[in-house]
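**Student:** Sharing a structure with you now.
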Amino acid sequence: MRFLMNDTLNMNSIVTTGDADAAVEHVRKFVFSSGVGDAERLEIKIPELMQGAYSFYTWPCAPILAHFLWERRQELAGKRILELGCGTALPGILSAKCGAKVVLSDNCILPKSLAHIRKSCQANMLQPGLDIDVVGLSWGLLLNSVFRLPASLDLIIAADCFYDPSVFEDIIVTVAFLLERSRGAKFIFTYQERSADWSIEALLKKWKLHALPVNIDDIGKGVDLLEAMGGHTIHLLEITRIEEEDVGDI
Ligand SMILES: C[S@@+](CC[C@H](N)C(=O)[O-])C[C@H]1O[C@@H](n2cnc3c(N)ncnc32)[C@H](O)[C@@H]1O
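When we follow the working numbering, the leftmost residue of the sequence shown carries the number 44, and every step to the right adds one.
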């Protein structure tokens with residue numbers, strides 16, 4: 044893989060908070076730029092707790108998905124987007140900053156994670172409940188929070204949520220339900236390759252979903268995605284519903 048340096052995605056600026064918690068909490072800065080004289084530039088600040096649970100720091104899949112979205116920023120304005128398992132929520136926050144109407148979600152049994160997501164929003168001048176929504180949504184559970192989501196989503200996004208095969212079907216069920224409610228919507232997610240034995244192919248078939256791999260060589264022109272990936276192999280998939288009329292075409 045080779046990347047030209049026309050665009051910049053700067054992920055390494057660490058700004059410590061300067062208080063007693065500085066050893067464990069820092070704010071990580073991500074800079075997205077059009078590269079052409081920096082005509083368009085977006086800086087996102089993500090508070091992280093490195094010794095916290097999974098949801099308190101930004102996994103390598105998140106900047107990859109964020110950059111994919113940044114490259115499509117013109118299409119994001121006004122789109123209704125839901126992020127699943129958002130953790131520190133870099134892709135969702137970027138989407139909101141680009142004008143999308145965003146709902147960030149993470150496991151409803153993790154109130155501290157949900158509070159941390161609100162903190163991430165506030166660090167980027169997004170007021171939860173006003174500029175962006177934060178909800179508890181646990182995969183595989185069709186609780187009230189799912190039914191209160193906007194009826195017509197355009198996009199569901201997720202970064203690094205397929206890390207434990209025991210919850211793959213829970214994610215797929217949730218996505219299948221949401222895509223059925225929001226006809227024409229897509230589920231776009233990045234995942235890190237952790238085992239060649241893991242597959243969601245059978246689940247996609249069972250839940251009548253169709254996957255299209257997106258070549259990540261094509262995204263992040265000019266960005267050192269290899270650095271962003273931190274030595275991991277990351278893929279991007281786009282999932283849509285197989286409509287009745289499509290059966291037979293696949
Ligand atoms: C590996 S982290 C990825 C976080 C973030 N998307 C990123 O890429 O930086 C997985 C995320 O999924 C969330 N999660 C785990 N199990 C979940 C479940 N059953 N329902 C909803 N979210 C869940 C975790 O709380 C965590 O935020």
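Glycine included, each C-beta is placed from N, C-alpha and C at the ideal position.
Computed from a predicted structure; not experimentally measured.
Let me know the secondary structure DSSP gives Lys251 once reduced to three states.
**Tutor:** Residue state, collapsed to three classes: coil.
**Student:** Give me the residue from Ala202, Ile200, Leu180, Asp203 with the minimum Cα distance to Leu192.
**Tutor:** Of Ala202, Ile200, Leu180, Asp203, the residue nearest in Cα terms is Leu180.
**Student:** Roughly how many angstroms lie between the CA atoms of Lys88 and Ser209, to the nearest whole one?
**Tutor:** Rounded to the nearest angstrom, the two C-alpha atoms are 32 Å apart.
**Student:** Under 8 Å between the Cβ atoms of Pro103 and His275?
**Tutor:** In this structure, His275 lies closer than 8 Å to Pro103 by Cβ.
**Student:** Rounded to whole angstroms, what's the CA-CA distance from Leu141 to Trp113? Just pull it up for me.
**Tutor:** Looking at the sequence shown, residue 141 is not Leu but Cys. Roughly 8 Å separates the two Cα atoms.
**Student:** Nearest to Glu287 by CA position, among Tyr100, Gly263, His253, Asn167, is which residue?
**Tutor:** Cα-wise, what sits closest to Glu287 is His253.
**Student:** If contacts are defined as beta-carbon pairs under 8 Å, then Ala194 and Arg224 qualify, I think. What distance do you get, rounded to the angstrom?
**Tutor:** Confirmed, Cβ separation roughly 6 Å.
**Student:** With a threshold of 7 Å, establish whether the CB of Cys164 neighbours any heavy atom of ligand 1.
**Tutor:** Checking every heavy atom of ligand 1 against the Cβ of Cys164, none is found closer than 7 Å.
**Student:** Tell whether a beta-carbon distance below 8 Å holds between Ile243 and Phe220.
**Tutor:** Cβ atoms of Ile243 and Phe220: not closer than 8 Å.
**Student:** In or out: Ala228 buried (at least 16 other Cβ within 10 Å) or exposed?
**Tutor:** Label assigned to Ala228: buried.
**Student:** Which of the three DSSP states, helix, strand or coil, is assigned to Glu244?
**Tutor:** Three-state DSSP puts Glu244 in a helix.
**Student:** Taking the continuous alpha helix (DSSP H) assigned at Val146, which residues delimit it?
**Tutor:** Not the alpha helix (DSSP H): Val146 falls in the beta strand (DSSP E), residues 144-149.
**Student:** Please name the residue in Ile136, Cys151, Val178, Asp149 whose C-alpha comes closest to that of Leu169.
**Tutor:** Answer by Cα proximity: Ile136.
**Student:** From Ala245 to Lys72, what distance separates their C-alpha atoms?
**Tutor:** Roughly 39 Å separates the two Cα atoms.
**Student:** Applying the criterion that 16 or more other CB atoms from any shown protein chain within 10 Å of the CB defines a buried residue, is Arg84 buried or exposed?
**Tutor:** By the neighbour-count rule (16 or more Cβ atoms within 10 Å), Arg84 is not buried but exposed.
**Student:** Between Arg284 and Leu222, which are expected to be in contact by the criterion C-beta below 8 Å, what is the C-beta distance as a whole number of angstroms?
**Tutor:** That pair is a contact at about 5 Å.
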